[in-house]
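Enquirer:
Number of protein chains: 2
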Amino acid sequence: MSDLVEFRNLKYLIAVAEEGNITRAAKRLYLAQPSLSTQMRGLEEALQVPLFIRDRNGVHATPAAEILITGGRELLKLRDGLIATARALHRVTFTPMRLGFSSFVDHALYEMVCSVHTSLFPECEITSRSGDNVELLLLLQKGEIDAALLALPISGSGFKTYPFTKSRLVVCMKSDDPLARLKEIAPAQLQAKLTIFQEPKQHPEAHLRLMEMLDEVGIRGDVASKTTTPHNIQWMVESGQGYALVREGSEMHVGLVTRPVTGVTWTVDSALILGKSTSQKTVPGLIRELRKRLRLQVSPSSASKPPRSVRPDIEDENLRLFA
Amino acid sequence: MSDLVEFRNLKYLIAVAEEGNITRAAKRLYLAQPSLSTQMRGLEEALQVPLFIRDRNGVHATPAAEILITGGRELLKLRDGLIATARALHRVTFTPMRLGFSSFVDHALYEMVCSVHTSLFPECEITSRSGDNVELLLLLQKGEIDAALLALPISGSGFKTYPFTKSRLVVCMKSDDPLARLKEIAPAQLQAKLTIFQEPKQHPEAHLRLMEMLDEVGIRGDVASKTTTPHNIQWMVESGQGYALVREGSEMHVGLVTRPVTGVTWTVDSALILGKSTSQKTVPGLIRELRKRLRLQVSPSSASKPPRSVRPDIEDENLRLFA
DNA sequence: CCTGTCCAATACTTCGTACCTATGGCAAAA
DNA sequence: TTTTGCCATAGGTACGAAGTATTGGACAGG
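For the protein sequence lines, the chains are G and C, in the order given.
The first sequence begins at 3 in our numbering and counts up by one.
The second sequence begins at 3 in our numbering and counts up by one.
In structure tokens:
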């Protein structure tokens, strides 16, 4: 009978009551609203107790629900404590999570991953390691890091990769540039002016692919200036050396603007790559949670998937995810 | 993180620890042993804590597991209390469960259903009502009972039926009858002596079907004596009026024995039939639990399914089910 | 008045996982 | 040896919790 009520149900109930609004609660729980609605109905059904009074602007807990809520909070806390002590008793010491990330991926993404990890495993340290794709892949290979956030495509196979964000690439220019008056830039207008790139050696595959994509719209990739970090790129644009491609939504120095390029949807795809044989026990839990929050799916070790062509549809939600 | 541990997991853990033996615990929980095994492994995996020391004759909880077990017991108790008070606050009063059962079904089955019901809903009374199939179907039709235990087939459609036990039919005779020396009876030997039946009017469809089955093996159904209860049947056999067919495993008067009939597998199938539109809120829970315990599946309202032909394979487990 | 917004509920589909059966391995008892 | 009593593994199924798409009701603003 009471087997119909699990911790999950209590958690949902509490969230809904606290928000006073199923839609908002669903967002907080990383769920879709109808899912949560049916869960709540199901709970009322199972208990044979009405839990909410629904009205135009939300829901309001009944007295019976209040009981469940306060009791439920208590139970959830007890559960966490219980697990923590059982853990402690067996001296579950986590080796630190060794996470690499390349400058090609959004920093916000990195922070999000870290925040999810520490919220799941507060006792587990994270030791970060940044570098370019080539370096990081080597470290993964050697087992010196457990996972890394990289830009696709990656060479070498046998890596488990979890692709997630696709950021659109836009042109970065000075705000007083004549082209900055336009809302969108035609590819032809970039001819000969798109000259600033990240150092190709940092990610040969991605660079090659980028050159191909430029070629497809008739632009020659003049790698006149090379640099190593997104910041440097912006400085170089500021000093008038040409245009550069940057991730849409990245934070820009003052005096710089970004403009989309008409007719193309170039994207840079980031992914979490796992070391071949990690002993890091937090990895499965991390993946699980990330999958739930970001709706991402596995793509097991095949390194194809060209970095473009998918509708970006930047939901900006992505960046709000880490609470 | 701790979201990986639900009440269910604690319950299983406790059962396993208490039995010291996964197989036995699985039986107690109405689960298959491998299911429980994988659950336990999964829990150890999720917590990153070894919970059991396995050896040749069972499992033994580690200290960490002991913590979880005592804490878990507490939590389960708290949950039950919590739900009970929430319920009480909303004055959830159950209307009594009105359950009918015909004399064609095994009494043990009836008791089992009752015991499951009261263990699920201790506050809910059961008012029983016995009668023959025809009467009970009428009562279901009129909504005067919520559910009934009947023998298939049933006429009239639109009833949700949950078939469960199939009991084999055997011949009942006096122990000093010459045929009682045989281990099995050939159909031909029954000719003209199989004369005692339940009153056909109590269940016309079943009687008809029985006559058909007898016909198939060349026996004429001579309904010489008719009676209304299984007990009466036995008395009539005792007084030497002929043979009768009874459910295998039914309790027999002293001086009577049963013998299987070679070459045929006649069975009588019992089912739980639901009223067309019951307001009885305990029904879904009851069905759910019965399905879990007996592995029975729905057969939605079609009244076909002839009462024979399926391997009986009486597991006798059936009767031990109600604890 | 209509239209847009903000709720929750419904209908239907998809996917994960808890469960099943069948089988294997291993140690102790027969 | 074979049998017995465990647990573990492998592979398939089915139910439920999740998703998407859509509807309906109740305001509020133009």
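Virtual Cβ for every residue (Gly too), placed ideally from N, Cα, C.
It should be emphasised that the depicted structure is a prediction, and the values quoted were computed from it without experimental measurement.
(1) What is the C-beta distance between Ala48 (chain G) and Leu111 (chain G), in whole angstroms, given that I count them as a contact (C-beta under 8 Å)?
(2) For a quick check, are the C-beta atoms of Gly265 (chain G) and Ile198 (chain G) less than 8 Å apart?
(3) Since Ser130 (chain C) is in the beta strand (DSSP E), which residue starts that stretch and which ends it?
(4) Would you call Val193 (chain G) buried or exposed, if buried means 16 or more other Cβ atoms sit within 10 Å of its Cβ?
(5) State yes or no: is the C-beta of Asp271 (chain G) within less than 8 Å of the C-beta of Lys168 (chain G)?
(6) Determine which residues of the region 6-28 of chain G have a Cβ less than 9 Å from any Cβ of chain C, and write them out in chain order.
(7) Using a Cβ-Cβ cutoff of less than 8 Å, which residues in the same chain neighbour Arg141 (chain G) once the five nearest sequence positions on both sides are dropped?
(8) With DSSP as the reference, label Phe106 (chain C) as helix, strand or coil.
(9) Does the beta carbon of Ser4 (chain G) come closer than 8 Å to any beta carbon on chain C?
(10) Given 8 Å as the limit, is there contact between the region 5-21 of chain G and the region 64-71 of chain G, that is, 3 or more CB pairs closer than that?
(11) Assuming Tyr14 (chain C) is part of the beta strand (DSSP E), what are its boundary residues?
(12) Does the ligand GTP have a heavy atom nearer than 7 Å to the CB of Ile71 (chain C)?
(13) Once the 5 residues before and after Leu127 (chain C) are set aside, which same chain residues still bring their CB inside 8 Å of it?
(14) Name the chain G residues whose beta carbon is nearer than 8 Å to that of Pro36 (chain C)?
(15) Within the 8 Å Cβ cut-off, does Leu196 (chain G) reach chain C?
(16) Could you tell me the alpha carbon to alpha carbon distance between Ser157 (chain C) and Arg170 (chain C), rounded to whole angstroms?
(17) Cα separation between Arg89 (chain G) and Leu292 (chain G)?
(18) To the nearest whole angstrom, what separates the beta carbons of Pro202 (chain C) and Val225 (chain C), a pair I think is in contact under 8 Å?
(19) Alpha carbon to alpha carbon, how far is Ser252 (chain C) from His109 (chain C)?
(20) Under the three-state reduction of DSSP, which class applies to Thr64 (chain G): helix, strand or coil?
(21) Residues of chain C with CB closer than 9 Å to the CB of Asp82 (chain G), please, in chain order.
(22) Here's the rule I'm using: 16 or more other beta-carbon atoms within 10 Å means buried, otherwise exposed. How should Leu154 (chain C) be labelled?
(23) Can at least three beta-carbon pairs, one atom from the region 218-237 of chain C and one from the region 183-191 of chain C, be found at a separation below 8 Å?
(24) On the premise that Met238 (chain C) lies in contact with Thr229 (chain C), defined as a C-beta separation below 8 Å, what is that separation, rounded to the nearest angstrom?
(25) Just the Cα atoms here: how many angstroms apart are Thr267 (chain C) and Phe166 (chain C)?
(26) Once the 5 residues before and after Ala66 (chain G) are set aside, which same chain residues still bring their CB inside 6 Å of it?
(27) Helix, strand or coil for Ser121 (chain G) per DSSP?
(28) In this structure, does DSSP put Leu171 (chain G) in helix, strand or coil?
(29) DSSP three-state label for Asp271 (chain G), please.
(30) Would DSSP call Asp217 (chain G) helix, strand or coil?
(31) Three-state secondary structure (DSSP) at Met99 (chain C)?
(32) Can you give me the C-alpha to C-alpha distance between Leu196 (chain C) and Gly74 (chain C), rounded to a whole angstrom?
(33) Does Gly73 (chain C) come within less than 8 Å of chain G when only Cβ atoms are used?
(34) Could you compute how far the alpha carbon of Leu274 (chain G) sits from the alpha carbon of Ser281 (chain C)?
(35) Can you list, in chain order, the residues of the region 275-289 of chain C whose Cβ is nearer than 7 Å to any Cβ on chain G?
(36) Considering only residues of the same chain and omitting the five flanking positions on each side of Leu78 (chain C), which have a CB-CB separation below 6 Å?
Expert: Here's the rundown:
(1) Incorrect: roughly 39 Å between the Cβ atoms, too far for contact.
(2) no
(3) 128-133 is the extent of the beta strand (DSSP E) around Ser130 (chain C).
(4) It is worth fixing the name first, because residue 193 (chain G) is Gln in this sequence and not Val. Label assigned to Gln193 (chain G): exposed.
(5) yes
(6) Leu6, Val7, Glu8, Phe9, Arg10, Leu12, Lys13
(7) The question names Arg, but residue 141 (chain G) is Leu in the sequence shown. Hits under 8 Å: Gly102, Arg131, Gly133, Ile147, Ala150.
(8) coil
(9) Taking Cβ atoms only, chain C reaches closer than 8 Å to Ser4 (chain G), which makes this a yes.
(10) yes
(11) Counting along the chain, Tyr14 (chain C) sits inside no beta strand (DSSP E); it lies in the alpha helix (DSSP H) bounded by residues 9-21.
(12) This structure lacks the ligand GTP; in fact it carries no ligand of any kind.
(13) At residue 127 (chain C) the sequence reads Glu, which differs from the Leu that was named. Same-chain partners within the cutoff: Phe96, Pro98, Met99.
(14) Among the residues of chain G, none has a CB under 8 Å from the CB of Pro36 (chain C); the nearest is roughly 21 Å distant.
(15) no
(16) 22 Å
(17) Spanning the two alpha carbons is a distance of roughly 23 Å.
(18) 7 Å
(19) 9 Å
(20) In the structure shown, Thr64 (chain G) sits in coil (DSSP, three-state: anything other than H, G, I, E or B).
(21) Those are Met3, Ser4, listed as they occur along chain C.
(22) Counting other Cβ atoms within 10 Å of its Cβ, Leu154 (chain C) reaches 16 or more and is therefore classed as buried.
(23) yes
(24) 6 Å
(25) 17 Å
(26) Val51
(27) helix
(28) strand
(29) strand
(30) helix
(31) strand
(32) 59 Å
(33) At least one chain G Cβ lies under 8 Å of Gly73 (chain C).
(34) 53 Å
(35) Lys283, Gly287
(36) none
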